[in-house]
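For the sequence shown, UniProt numbering begins at 1 and goes up steadily by one.
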Amino acid sequence: MQWRTYSVTEPQAVLVIGSLDDHELLACKEPSSAKRFVLQYCTQKRSDIVRSWLTSGLPVSAVEQDVVVDLPLGFPFKHSANAVSTPDEQSDLSVLIQWYFLSDGHNDIVNDIDEYCTRLHKALRHMEPQLRSAGSPDHWNLSTRSFDAGGAPMSPETRCSPTQGWFTPPKGGSPGIGEGYHYEKLVEFLGKDASPELLKDLPEPSFRDFDEEKTYFQNALDQKLPIGECKDTKSCIYAYMRGWGGHYRVELYVGEGGQRAQLKTTDVAKHTVYHPFDKTYPENCQDIDKDGKVRLSLLIKWYFVVAGVGDAGVLKEMNNYPERLRSMLRWVQDRMHPAAQVDNYEEKSKGLSVPDEGSTKPPSPTEASCALSLEATGQTLSGPNEIEELACSIVGRVTEHIAGERSRDYQDKNRLVEIDQEVHELRMERSRLVRIRKRRFSQLKEADSAVDTWIQQI
1 MQWRTYSVTE PQAVLVIGSL DDHELLACKE PSSAKRFVLQ YCTQKRSDIV RSWLTSGLPV
61 SAVEQDVVVD LPLGFPFKHS ANAVSTPDEQ SDLSVLIQWY FLSDGHNDIV NDIDEYCTRL
121 HKALRHMEPQ LRSAGSPDHW NLSTRSFDAG GAPMSPETRC SPTQGWFTPP KGGSPGIGEG
181 YHYEKLVEFL GKDASPELLK DLPEPSFRDF DEEKTYFQNA LDQKLPIGEC KDTKSCIYAY
241 MRGWGGHYRV ELYVGEGGQR AQLKTTDVAK HTVYHPFDKT YPENCQDIDK DGKVRLSLLI
301 KWYFVVAGVG DAGVLKEMNN YPERLRSMLR WVQDRMHPAA QVDNYEEKSK GLSVPDEGST
361 KPPSPTEASC ALSLEATGQT LSGPNEIEEL ACSIVGRVTE HIAGERSRDY QDKNRLVEID
421 QEVHELRMER SRLVRIRKRR FSQLKEADSA VDTWIQQI
């Protein structure tokens, strides 16, 4: 980022935001009320020496903002040159320029920092599609200088990386199992009825199981999880966690870099899938149904959370994730041990005594009612374990159905966000054309007036 420093009464920083022929387009601070400053724009010849306009109010070459947005701006300002809908609002261009002044230590450029953060968030959301298509992730680092809250430069060790907020490696290298807040909460939830026993068949994940994503991938965490390999090409199948609108979803891709191709979750069973991910759908199936897709996504998210990969937002999108996780773990356990019944730890955790195999116990009214209700289907339930297993199975299917509906609703929500972005771009284009027409009308009016004056003189 280019700055021009002018020394008149005191040093003043001016930011170069574009160029026009032999002129530079500059953004500067102008004094306002209450010892605050506002942004002003002007042009300056590259060959000119220091001017004195900074000491005498507005520069003689001042340019209005509605004109600035139509001039050739540099990166990234050209992606933020939208119109101002009302006089009380600030354009994305002004908000972005204020960010650079703040990064340079000019804290007086913003009146209300909380309000500014909200505007900056909206501006970046508006600019996101164009910025991401403009180049490498290095272009996304909006600040060439890093400062802490007090305006002092930050050391390389504490400097905020472009990926902060998506993935933050724990201190001391690879994170250990169970070091995350969400992991502790999930284990606490599962421990209410001794459900952690369901984890005994799952391999323990670790940070080393993940591969770093070197290639820039939009809205994805910096780590990818290998879950299998392609049957034909032997290329690795990776699971990515992608964030949209504060939520995360799992997407599968085959290969890396430019050779990467998205893989439908329904087709993953046709390839070689590693344990335990291959236990989330029926054996020997070719197409995974929607329930299998939900279980696979839940298990992948579990590995991301437990290994410490990802931030606290991984689980925000589903309030009932722990309950769905437990249902998925029960399904995986049944898939791995189809002949085994539900373990007796559930009864033990509730303080109930488990009868010996040789002992007999008259059925309770609840058990008898359940048995009678199943006579028409030919099913028989011999004990409380099978009754509870059936109940858990029914609850699991209902829960997974609800999860599928939530997933479809989430896709519709993403589409609405895309439509809103398209509407926003159309409004920007309309505002630009309105400004052009206004200037053209003013020029034509002046020309007509000049012609009338000339005719009268004749």
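Quick reminder that beta carbons are idealized off the backbone N, C-alpha and C, glycines included.
Quantities reported herein were computed from a predicted structural model and do not represent experimental measurements.
Secondary structure at A261, three-state DSSP: helix, strand or coil?
Three-state DSSP puts A261 in a strand.
Alpha carbon to alpha carbon, how far is S449 from N219? Give it in angstroms, no decimals.
56 Å
Taking the CB atoms as reference points, tell me whether L73 and I113 lie closer together than 9 Å.
no
Does chain D have any CB closer than 9 Å to the CB of N219?
Here there is only one protein chain, and chain D is not present.
Determine the direct distance from the alpha carbon of D21 to that of K270, and round the result to whole angstroms.
59 Å
Would you call D92 buried or exposed, if buried means 16 or more other Cβ atoms sit within 10 Å of its Cβ?
buried
DSSP three-state call for L71: helix, strand or coil?
coil
Measuring CB to CB, does Y274 end up less than 9 Å from Y253?
no
Report buried or exposed for A261, applying the criterion of at least 16 other Cβ atoms within 10 angstroms of its Cβ.
exposed
In angstroms, rounded to a whole number, what distance separates the CA positions of H23 and Q44?
5 Å
Which class does S327 belong to by DSSP, given the choice of helix, strand or coil?
helix
Roughly how many whole angstroms lie between the Cα atoms of E323 and F101?
Those two C-alpha atoms are separated by around 48 Å.
With a Cβ-Cβ cutoff of 9 Å, do residue 460 and A27 count as a contact?
The shown model of the chain, from 1 to 458, leaves out residue 460, and the question about it has no answer.
Quick check: the Cα distance between R326 and F277, rounded to an integer number of angstroms?
If I take the Cα positions, the gap works out to 15 Å.
Going straight from the alpha carbon of V354 to that of K293, what length do you get?
Legend: pLDDT at V354 = 33, less than 50; position of this residue unreliable, no value from coordinates given.
How is K224 classed by DSSP in three states: helix, strand or coil?
strand
What is the DSSP secondary structure of T366, reduced to helix, strand or coil?
Caution is warranted here: a pLDDT of 37 is assigned to T366, below 50, making its placement in the model unreliable, and the coordinate value is therefore given only provisionally. Looking at T366 - three-state DSSP - the assignment turns out to be helix.
Considering only the beta carbon of each residue, do E229 and T272 sit closer than 9 Å?
Cβ atoms of E229 and T272: closer than 9 Å.
Using only the alpha-carbon positions, how far apart do V110 and H79 sit?
22 Å
Expressed to the nearest angstrom, what Euclidean distance is found between the alpha-carbon atoms of E418 and D412?
10 Å
Looking at I300: is its Cβ nearer than 9 Å to the Cβ of M241?
yes
Taking all protein chains shown into account, decide if S297 is buried (16 or more other Cβ within 10 angstroms of its Cβ) or exposed.
Counting Cβ neighbours within 10 Å, S297 comes out buried, since at least 16 surround it.
Just the C-alpha distance for D291 and V38, rounded to the nearest angstrom, thanks.
56 Å
Is the beta carbon of W99 sitting closer than 9 Å to the one on L120?
yes
Which residue or residues does DSSP assign as beta-bridge partners of M241?
V250
Do D289 and T266 come within 9 Å of each other at the CB atom, strictly closer than that value?
yes
In this structure, does DSSP put G173 in helix, strand or coil?
Note on G173: pLDDT 32, under 50, position unreliable in the model; no value is reported.
If you count every other CB in all the chains shown that lies within 10 Å of the CB of W302, and 16 or more means buried, which is it?
Within 10 angstroms of the beta-carbon of W302 lie 16 or more other beta-carbons, which makes it buried.
Please state whether DSSP places H106 in a helix, a strand or coil.
coil
State the Cα-Cα distance for the pair F210 and V67, rounded to the nearest angstrom.
50 Å
If you check the beta carbons only, do I97 and L25 fall under 9 Å apart?
no
Please state the DSSP three-state secondary structure of K413.
helix
With K290 as the anchor, note down where its alpha helix (DSSP H) starts and where it stops.
K290 to V306
Which residues does DSSP list as the beta-bridge partners of A62?
C42
Which one of V268, D222 and L221 has the shortest CA to CA distance from residue 472?
There is no way to answer for residue 472, as the model of the chain reaches only from 1 to 458.
Does the beta-carbon distance from R295 to Y410 come in below 9 Å?
At least 9 Å separates the beta-carbon of R295 from that of Y410.
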